[in-house]
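Student:
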Amino acid sequence: MSLMHYWRAMWGIIGRELWRFITQRERFISALVRPLVWLFVFAAGFRAALGLAITPPYETYILYEVYITPGLIGMIQLFNGMQSSLSMVYDREMGSMRILMVCPLPRWFLLLSKLLAGTGVSILQVYVFLIIAWFYDIRAPLEGYALILPALVLSGLMLGALGLLLSTFIKQLENFAGVMNFVIFPLFFMSTALYPLWKMKESSVLLSKLAEYNPFSQAVEMIRFALYGQFDQHAFFYTLGAFILFMAAAILGYNPSKGMMVKKGGPN
Amino acid sequence: MQYHSLKWLLALSLISTAHAENVFVTLEKDNALAIVDPIEGKLLKTVLVGQRPRGIALSPDNKHLYIATSDDNTIKVFDANSFKELGKLPSGKDPETFALNPAGDKMYVSNEDDSLVTVIDIKNKKVLKQIKVGVEPEGITVSPDNQWLISVSETTNMVHWIDTKTNTIVANTLVDSRPRAASFTADSQQLWVTSEMAGTLLIIDSQSKQIIKTINFDVPGITNDKIQPVGVIIDKDRNKGYVALGPANRVAVINAKTYEVEKVLLVGQRVWNLAFSPDQKRLYTTNGTSNDISLIDLESQTVTKSVGVGNYPWGVVAKP
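If you read the protein sequences in the order shown, they are chains A and B.
Numbered by this note's numbering, the letters in the first sequence go through residues 18 to 285 in order.
Numbered by this note's numbering, the letters in the second sequence go through residues 61 to 380 in order.
1. If you follow the beta strand (DSSP E) that D285 (chain B) is in, where does it begin and where does it stop?
2. Can you tell me whether DSSP reads L132 (chain A) as helix, strand or coil?
3. Taking a Cβ distance cut-off of 8 Å, strictly less, list which residues of the stretch 72–94 of chain A are near chain B, in chain order.
4. Return the first residue and the last residue of the beta strand (DSSP E) that K323 (chain B) is part of.
5. In this structure, does DSSP put V196 (chain A) in helix, strand or coil?
6. Would F84 (chain B) be called buried (16 or more neighbouring beta carbons within 10 Å of its own) or exposed?
7. Is G291 (chain B) near the ligand SAM, with its Cβ less than 6 Å from a heavy atom?
8. What separation, rounded to the nearest whole angstrom, lies between the Cα atoms of L104 (chain B) and K379 (chain B)?
9. For M218 (chain B), which residues does DSSP report across the bridge?
10. Under a CB-based cut-off of 7 Å, is Y63 (chain B) close to chain A?
11. By DSSP, does N133 (chain B) sit in helix, in strand, or in coil?
12. So, is the C-beta of S354 (chain B) closer than 7 Å to a C-beta in chain A?
13. Are there 16 or more other CB atoms within 10 angstroms of the CB of N231 (chain A), so buried, or fewer, so exposed?
14. Note down, in chain order, each residue of its chain lying with its Cβ closer than 7 Å to the Cβ of V377 (chain B), except the 5 sequence neighbours on either side.
15. Count the other CB atoms within 10 Å of the CB of E322 (chain B); is the residue buried (16 or more) or exposed (fewer)?
16. Would the beta-carbon of T201 (chain B) fall within 7 Å of that of I191 (chain B)?
17. Compare the C-beta of V83 (chain B) against all C-beta atoms of chain A and say whether one is closer than 7 Å.
18. Using the C-alpha atoms, what's the distance from V313 (chain B) back to D108 (chain A)?
19. Report the residues of the stretch 296–327 of chain B with a CB closer than 8 Å to any CB of chain C, ordered along the chain.
20. Is there a Cβ from chain A that is less than 7 Å from the Cβ of V363 (chain B)?
21. Is it the case that the Cβ atoms of L366 (chain B) and D352 (chain B) are separated by a distance below 7 Å?
22. Residues in its own chain within less than 7 Å of A217 (chain A) by CB, not counting five upstream and five downstream?
23. Ignoring anything shorter than 3 residues or poking outside the stretch 256–324 of chain B, list the beta strand (DSSP E) runs there in chain order.
24. Looking at chain A, is there any beta carbon in it that lies within less than 7 Å of the beta carbon of T77 (chain B)?
25. On the CB-based measure, 16 or more other CB atoms within 10 Å of its CB, does A267 (chain A) come out buried or exposed?
26. Can you tell me which residues form a DSSP beta bridge with L343 (chain B)?
27. Return yes when the Cβ of T209 (chain A) is within less than 7 Å of the Cβ of V170 (chain A), no when it is not.
28. Taking buried to mean at least 16 other C-beta atoms within 10 Å of its own C-beta, is L146 (chain B) buried or exposed?
29. Quick one: complete beta strand (DSSP E) runs, 3+ long, within the stretch 77–110 of chain B?
30. Which two residues bound the contiguous beta strand (DSSP E) that contains M167 (chain B)?
31. Under DSSP, the alpha helix (DSSP H) around R115 (chain A) begins and ends at which residues?
32. Contact criterion: CB-CB distance below 7 Å. Does D366 (chain B) meet it with respect to chain A?
33. Let me check one thing: in DSSP terms, what residues is S243 (chain B) bridge-paired to?
34. Would you check if the stretch 291–303 of chain B and the stretch 241–248 of chain B touch, i.e. whether three or more CB-CB distances between them fall below 8 Å?
35. DSSP on Q247 (chain A), reduced to helix/strand/coil?
36. So what's I75 (chain B) in DSSP terms, helix, strand or just coil?
Laid out in structure tokens, this is it:
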């Protein structure tokens, strides 16, 4: 196998995902509407709730909208990761997965390409969201918009790998609602996306601990610091570790001889 | 060649240290003065100055620093570089706010409890006159053209126009309830007065002494009773004015031509007093209950940093 093959296969997968994304305008709009509703409606109600203590990376008092923005970026990537896992299940049901899997390239590479494709789509969504937020007067230092890119790649990969891992457990498309209730909501609400840790600690130490160990929190914090031109080492390594773990498990899960599909009696 | 570049570097570094701007903040509860580097956004040091320091001003030549130490019933004079106490001025009882004339040889002090304005000859440290004004005088300012001394009475709800030549009240303007602070535009044509209880900013024409505009504030998510304007300041070109909104924790940016409130900026809690940097590129706010000052970049109209300074920051002034 030459590098050219790898390259062609990767672009094939990414191109398909991007094409899907561009042609499904509703998906693009709905992916944007979700965080925007949170920003314009939910955050507006909590405007005065925050602003009592200054915590890094912020150097002054901020409105709740400003605090919640990195959390909503994480939300975009979280839903996107889950969406791509949903599309994996769909692909499996429609048979296109089989075509992909018989491609004479390592499975890990195909899965990684799939992941990169999903991450690319989520990054597009994030930047459009950030542009809208800019006009809503939520502005970060200019360099933050460039520095956030590597953070978005890593967090997108981590959340995508989580989605990929979940997709090995889901047998049918109908079971996806369970993912919503048992994965997305707890991950999102038990994180620093909506409230800072110190605020959570005031009401429940357990909750703040759970939020601290939640990989989604760490991804959000990594994005938050990057947006303000700072590097959060702890969050970076935590997110990287979570990505490696989820990815390894997903590759294992997709192994036809050992994976989840075998245990579950194969796809329908 | 190398020697020359070294010399230049040395000269440059000397210039830059000589031009290092400092922000002085009185700390009402710490009985101290905080010295802040606004460029680095760092508290450099605090110096004990006297009991309950509030009002603060620099002499026009930036050599002397005047601080009203209210509970010592005096205004102390410090060297603005070494912070050594140089003397005391006979301010009368419980001085809180005061103003200097443009030449810097006269000081006017509000004596809240006695309803007086004390006129002091700074050089001779002598009281020249005590002017009877309305109940609880608070805000005090001198017009840049040195024609008017303004004293604002909190309880009488009145702005007193005092002729600086005769030190007598020549006119009064009735204003909204609990006026707190007053500030002239650089051309002395307008006087801006804040009313704490009414939550308004009044623009008064210096010629007619009539209110020409009343500005109300509206902060999304903040109830009206929290909007209590105090400190007010207008830039030298009369493009923008800034008002500290007290417990609303905001500074309002006002277009000084259209009188529109263009923006409200989130700062620390109970923001009271404001000061420009000498080049008027930055604005500094004292945030009383959050114990910090906020630094505002005026070009981008954003709050860049809030720096913890000590307990109850009250007055603020910047030295080039």
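Each residue gets a CB set at the ideal place from its N, CA and C atoms; glycine is no exception.
Tutor: Quick answer:
1. No beta strand (DSSP E) holds D285 (chain B); DSSP gives it neither H nor E.
2. The answer is helix: DSSP assigns L132 (chain A) an H, G or I state.
3. Closer than 8 Å at the C-beta level to chain B, one finds these residues of the stretch 72–94 of chain A: E76, T77, Y78, I79, L80.
4. If you look at K323 (chain B), you'll find it in the beta strand (DSSP E) that goes 321–326.
5. DSSP, read as helix, strand or coil, puts V196 (chain A) in helix.
6. It counts as buried.
7. This structure lacks the ligand SAM, and indeed carries no ligand of any kind.
8. When the Cα atoms are used, L104 (chain B) and K379 (chain B) turn out to be separated by approximately 14 Å.
9. Answer is B:S213, B:L234.
10. Reliability of the predicted coordinates at Y63 (chain B) is poor, the pLDDT of 49 falling under 50, and no value is obtained from them.
11. Coil.
12. It does: the Cβ of S354 (chain B) has a partner Cβ on chain A nearer than 7 Å.
13. By the neighbour-count rule (16 or more Cβ atoms within 10 Å), N231 (chain A) is buried.
14. Cβ within range, chain order: F84, I116, A117, L118, A335.
15. Its Cβ having fewer than 16 others within 10 Å, E322 (chain B) is exposed.
16. Against a cut-off of 7 Å, the Cβ pair of I191 (chain B) and T201 (chain B) comes out as no contact.
17. No, no contact with chain A.
18. Their backbone Cα atoms lie some 56 Å apart in a straight line.
19. Checking the listed chains, one finds no chain C in this structure; the protein chains it contains are A and B.
20. True, the Cβ-Cβ gap to chain A drops below 7 Å.
21. As written in the sequence, residue 366 (chain B) is Ser, which differs from the Leu given in the question. A contact, by the Cβ cut-off of 7 Å.
22. Reading off the sequence shown, one finds Met at residue 217 (chain A), where the question assumed Ala. Correct list, in chain order: L224, S225, A228.
23. Whole beta strand (DSSP E) segments, 3+ residues: 260–265, 271–276, 292–294, 300–304, 310–315.
24. Because the pLDDT of T77 (chain B) is 46, which lies under 50, any placement of that residue in the model is unreliable, and the number read from its coordinates should be weighed accordingly. Not one chain A Cβ lies under 7 Å of T77 (chain B).
25. Sixteen is the threshold: when 16 or more other Cβ atoms of the shown chains lie within 10 Å of the Cβ of A267 (chain A), as they do, the residue is buried.
26. Note: L343 (chain B) sits in a beta bridge opposite B:F336, B:I356.
27. T209 (chain A) is positioned such that its CB atom lies no closer than 7 Å to that of V170 (chain A).
28. So L146 (chain B) ends up on the exposed side.
29. Complete beta strand (DSSP E) runs here, min 3: 82–87, 92–97, 102–108.
30. Taken as a continuous stretch (DSSP letters only), the beta strand (DSSP E) holding M167 (chain B) covers 166–171.
31. Per DSSP, the continuous alpha helix (DSSP H) segment holding R115 (chain A) begins and ends at 113–118.
32. According to the sequence provided, residue 366 (chain B) is Ser. The question's Asp does not apply to it. Taking Cβ atoms only, chain A reaches closer than 7 Å to S366 (chain B), which makes this a yes.
33. For S243 (chain B), which the question treats as bridged, DSSP gives the partners B:W252.
34. Touching, per the Cβ criterion.
35. Residue state, collapsed to three classes: coil.
36. Below a pLDDT of 50, predicted positions are generally treated as unreliable, and I75 (chain B), at 48, falls in that range; no measurement from the model is reported.
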